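> Under UniProt numbering, think of the first position of the sequence shown as 1, with each following residue one higher.
Pasting in a structure now, in structure tokens, and then I'll have a few things to ask.
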Amino acid sequence: MAKRFDGSQQALDLNNIRTDPDLVSQNIEVILNRKTSMEAVIKVIEENIPELTSLNLSNNRIHKLDELADLVTKVPNLKTLNLSHNELKSDRELDKIKGLKLVELWLNRNPLCDFFKDQPSYISAVRQRFPRLLKLDGNDLPPPIGFDVETPTTIPKCKVSPILVTHTQTNRTLSSLGEYHKDSRNLKRLKDSTMRFRLLKHTRLNVVAFLNELPKTQHDIASLTVDFIINHVCFSVAVDGKSRESTMAFSRVFITVPAGNSGLCIVNDHLFIRMATTEEIRRAFVAPAPTPSSSPVPTLTAPQQEMLTAFSQKSGMNLEWSQKCLQDNEWDFNRAAQIFTQLKTEGKIPDVAFIK
């Protein structure tokens, strides 16, 4: 294998290794479609050239990739892999090595290539496993579309104690969704097409009557989020939040269309309910901390209070805006009155200033 390794490129060429003259002359069989041979090759790579970036396994009658799965952890820098002229019959074999961060892959002259109706379908199937791929069978691919995010880290295994299990089971009992099951239209569980139809609610009266039959709940206003999707025909409103008696999470999506001159008609209402997670339960129905004031509100003297009341009566503005006007004019009543008259004439005082 040393003769087949190019140190300058960190590349190992094992093309048609079973017919290698040096191996044949010594009666050594390296048949890579056999588990023992492939495992031996990967062990040699791991122990001697773990920084390998390019591996050529073409022309070796390989029909499955089970043993190659070890490359993901043992040869993490591998970028180029040549599996052409082998006997891979299904693209599902690629799932076994999809952890590799390949930028170049060769699969041509494998039976699996004949099962795709066209080239775009073939490229799409391969790129689902290797999203960073830039070259397939020697042909350049368009740059991959992705998100500039960090590589996700592995979450530590959960250590479950008997106390935690008991608490979780109790909590799930308290948060049971049993009251909703009889009306649930979960298409993953409900296979009967007749029942699927019957559980749909039509017309305003039927929908309102059904909503009145649902268990009474209290909603955590602070948990609500609202999303809008709008086009020229209709718009969709998605509301997510938390509710209780037992704390549950819900998502409700309305699709509406214009009705009349200024009204809306809900043409579809989809309610999804699930048990809340432990973190969601912890954060639900918690009163928000009061926002600290950046500076203390100054206390008015008795003369200022009298001036404020008089100015509010004469100007028609509420106390808040009257005080602002007086403060801006250093509590000079006449100057504040002149400025108020000028701004009102110019229409620069908002309507909110006159709401008492």
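All residues carry an ideal CB built from backbone N, CA and C; glycine is no exception.
Everything numeric in this text was worked out from a predicted model, so none of it was measured.
Taking just the CA atoms, how far does F228 sit from K242?
Going from the Cα of K242 to the Cα of F228 covers about 19 Å.
> Which word fits C325, buried or exposed, when buried means at least 16 other C-beta atoms lie within 10 angstroms of its C-beta?
The residue in question, C325, is buried, as its Cβ has 16 or more Cβ neighbours within 10 Å.
> Kindly provide the ranges of any beta strand (DSSP E) runs that are 3 or more residues long and lie completely inside the stretch 239-264, ordered along the chain.
Whole beta strand (DSSP E) segments, 3+ residues: 248-259.
> Need the endpoints of the alpha helix (DSSP H) that L205 sits in, please.
Unbroken alpha helix (DSSP H) run through L205: R204 to E213.
> If we count the other Cβ atoms within 10 Å of its Cβ and call it buried at 16 or more, is V267 buried or exposed?
Counting Cβ neighbours within 10 Å, V267 comes out exposed, since fewer than 16 surround it.
> Using the rule of at least 16 other Cβ atoms within 10 Å of the residue's Cβ for burial, across every protein chain shown, is I97 buried or exposed?
Answer is buried; the Cβ neighbour count reaches 16.
> How should M195 be labelled, buried or exposed, when 16 other C-beta atoms within 10 angstroms of its C-beta is the threshold for buried?
When all chains shown are included, M195 counts as exposed.
> If you drop the 5 nearest sequence neighbours on each side, which residues of the same chain put their C-beta closer than 6 Å to that of E179?
The residues are P215.
> Quick check: the Cα distance between A222 and R283, rounded to an integer number of angstroms?
Roughly 10 Å between the two C-alpha positions.
> Distance, Cα to Cα, V24 vs I17?
Rounded to whole angstroms, V24 to I17 spans 10 Å at the Cα level.
> Under 7 Å Cβ to Cβ from I31, same chain only, skipping five residues before and after it: list those, please.
Here the set comprises R18 and S37.
> For T247, is the classification buried or exposed, using 16 other Cβ atoms within 10 angstroms of its Cβ as the cut-off for buried?
The residue in question, T247, is buried, as its Cβ has 16 or more Cβ neighbours within 10 Å.
> Write down every uninterrupted run of the alpha helix (DSSP H) in the stretch 108-138 whose length is 4 residues or greater and which is fully enclosed by it, in chain order.
With a minimum length of 4 residues, the continuous alpha helix (DSSP H) runs that stay inside the stretch 108-138 are 119-129.
> State the Cα-Cα distance for the pair N231 and F115, rounded to the nearest angstrom.
Cα to Cα, the separation comes out at about 40 Å.
> For I339, write down the residues that DSSP places opposite it in a beta bridge.
Paired residues: none, contrary to the question.
> Please list the terminal residues of the continuous alpha helix (DSSP H) segment that includes A302.
It spans A302 to S315 - the alpha helix (DSSP H) in which A302 sits, taken as one unbroken run.
> Assign E346 to one of three DSSP states: helix, strand, or coil.
Coil, per DSSP.
> Closest to L12 by C-alpha separation, out of L224, V253 and P50, would be which residue?
Closest by alpha carbon: P50.
> Hey, N108 and S58: beta-carbon distance below 7 Å or not?
Result no, Cβ atoms of N108 and S58 do not sit closer than 7 Å.
> Which residue spans inside the stretch 15-60 form an unbroken beta strand (DSSP E) run of at least 3?
Runs of the beta strand (DSSP E) inside the stretch 15-60: 54-56.
> Could you compute how far the alpha carbon of I28 sits from the alpha carbon of R189?
Going by the C-alpha atoms only, they are around 57 Å apart.
> Starting from D13, trace the alpha helix (DSSP H) both ways and give me its first and last residue.
D13 -> not in any alpha helix (DSSP H); beta strand (DSSP E) instead, spanning A11 to D13.
> According to DSSP, is V72 helix, strand or coil?
Helix at V72.
> Please state if the CB of I62 and the CB of N82 are separated by a distance shorter than 7 Å.
No, these two residues do not count as a Cβ contact at 7 Å.
> If you draw a straight line from the C-alpha of V257 to the C-alpha of R132, how long is it?
Approximately 42 Å between the Cα atoms of the pair.
> Exposed or buried, which one is I355 when buried takes at least 16 other CB atoms within 10 Å?
That one is exposed.
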